[in-house]
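The structure appears below as structure tokens.
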Ligand code: PMT
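Next comes the structure, spelled out in structure tokens:
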């Protein structure tokens, strides 16, 4: 079912002022049903056709109407909103709205968001058939299409003004499906992908453990992106508090040894292995059977090295294409390339974990793709969006050279 792709997606619905604005209410309702997070932006003219209150009730979020509203800017500024979105759909997109977006105008919130957006932009034209056929509208639409704006419709048929012809906005169901298909890259179609995510916990006694700050966000985002790219996915997850992906298999593990066993079993049947997990490098040599008493002021733990899961998978005969992550605090690319070679990987993504705004437990990440022959810095982005870029980069490079 294509609309599964919308689950957890952050969608801006932009509503401009046309009679089809009433259909935007049904669109928002459908997107919410598909478990998308929706923020609605309305032009002034749109509010003549349908009230912000209706859209607020349906989306469960305040409706954004003004570019220069200090209150709204304090809650979520327009640039923040543009960054927040996984996609924006302008529905209905009137002739005037399409013209303003084509011209790159920033004279209201909707047009400004279309300018600032760093995610797919789609528009569902809706207007009188003569306005649609007009050379100016056709030129604007052609320009937008060349710039990568996705045009959904219009459909042909009877219009509110009594005319018959092209210019009807697509139905909410069709728009939701078209929007969903934007997230279907197909770059890993038919491939089997295994991803490790999150931290591991190394028991000291029944109540204590050694672990780290990995939240699993990067790995979970990659699992979702891999599914969207057409892969069948196995996520091997350490203990995290994230909502489970809605598609694909998930195996829960605790310790590095658990993760090793699950990974070796899954790797034997996968084409691509992606290790985002922050595996604890050491585990206590002895795990106490009972809770250790606080009898002295110091406590000495003897630790032993955990096996390197990714190296073990990369060493398999006929093993999968192996992708690692390198968590570094300095000389990031140099150390990542060293790991690429030592662990015999096909690709590694280096992230600087000394920067708290990226890496461990943050919503954003900034990585550099490192292979034997390449060093490719990628843009900082929310992990969910970055994951789609990384999956595309992996898809472009797979299969490995023989
Ligand atoms: O989970 P988040 O909060 O979203 O944070 C994401 C992240 C920062 C954890 C992620 O982007 C990341 O960098 N993951 C790798 C963390 C790490 O352990 O890096 P490393 O440089 O120590 O290890 C290199 C590679 O070997 C990694 O792919 C790691 O999964 C793998 N490894 C390491 C040790 C080990 N015993 N087994 C392994 O498989």
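Numbering (this note's numbering), first residue to last: 3 to 404.
Glycine residues also receive a C-beta, built at the ideal position from the N, C-alpha and C atoms.
Nothing here was measured: the structure is a model prediction, and the numbers come from that model.
Item	Value
What I want to know is whether the C-beta of residue 283 ends up closer than 8 Å to one or more non-hydrogen atoms of the ligand PMT.	yes
Apart from the five residues just before and just after residue 152, which ones in its own chain have a Cβ nearer than 8 Å to its Cβ?	122, 123, 124, 125, 180, 184
Thinking C-alpha only, which one of 41, 91, 60 is nearest residue 67?	41
Give the DSSP-derived three-state secondary structure of residue 11 in the structure shown.	coil
Which first and last residues belong to the beta strand (DSSP E) in which residue 254 is found?	251-254
Please classify residue 484: does DSSP put it in a helix, a strand, or coil?	It is not possible to answer for residue 484, since the shown part of the chain is limited to 3 through 404.
Please confirm whether any heavy atom of the ligand PMT lies closer than 8 Å to the CB of residue 310.	yes
State yes or no: is the C-beta of residue 200 nearer than 8 Å to some heavy atom of the ligand PLP?	Absence of the ligand PLP is noted for the structure shown, with the ligand PMT being the only ligands found.
Could you give the first and the last residue of the continuous beta strand (DSSP E) run that contains residue 241?	Residue 241 -> no beta strand (DSSP E), and no H or E assigned at all.
Cβ of residue 259 within 8 Å of any heavy atom in the ligand PMT?	no
Taking 8 Å as the cut-off, is the CB of residue 395 close to at least one heavy atom of the ligand PMT?	no
Alpha carbon to alpha carbon, what distance is there between residue 313 and residue 25?	54 Å
With hydrogens ignored, establish whether the beta-carbon of residue 406 is closer than 8 Å to any heavy atom of the ligand PMT.	Residue 406 lies beyond the residue range present for the chain, which begins at 3 and ends at 404; the question has no answer from this structure.
With a CB to CB cut of under 6 Å and the five nearest residues on each side skipped, what residues in its chain are close to residue 88?	11, 12, 121
Helix, strand or coil for residue 307? Go by DSSP, reduced to three states.	strand
Going by Cα to Cα distance, which pick from 169, 206, 86, 322 is closest to residue 421?	The displayed coordinates of the chain run from 3 to 404. Any statement about residue 421 would go beyond what the structure contains.
Where in the region 43-130 do unbroken runs of the beta strand (DSSP E), each at least 3 residues long, occur, reported from the N-terminal end onward?	89-95, 123-127
Any heavy atom of the ligand PMT closer than 8 Å to the Cβ of residue 280?	yes
Between the beta-carbon of residue 65 and the beta-carbon of residue 43, is there less than 9 Å?	yes
Let's test the definition: count the other Cβ atoms within 10 Å of the Cβ of residue 20 and tell me whether it reaches 16, buried, or not, exposed.	buried
Could you tell me if the beta carbon of residue 269 falls within a distance shorter than 8 Å of some heavy atom in the ligand PMT?	no
Which residues does DSSP pair with residue 195 in a beta bridge?	235, 274
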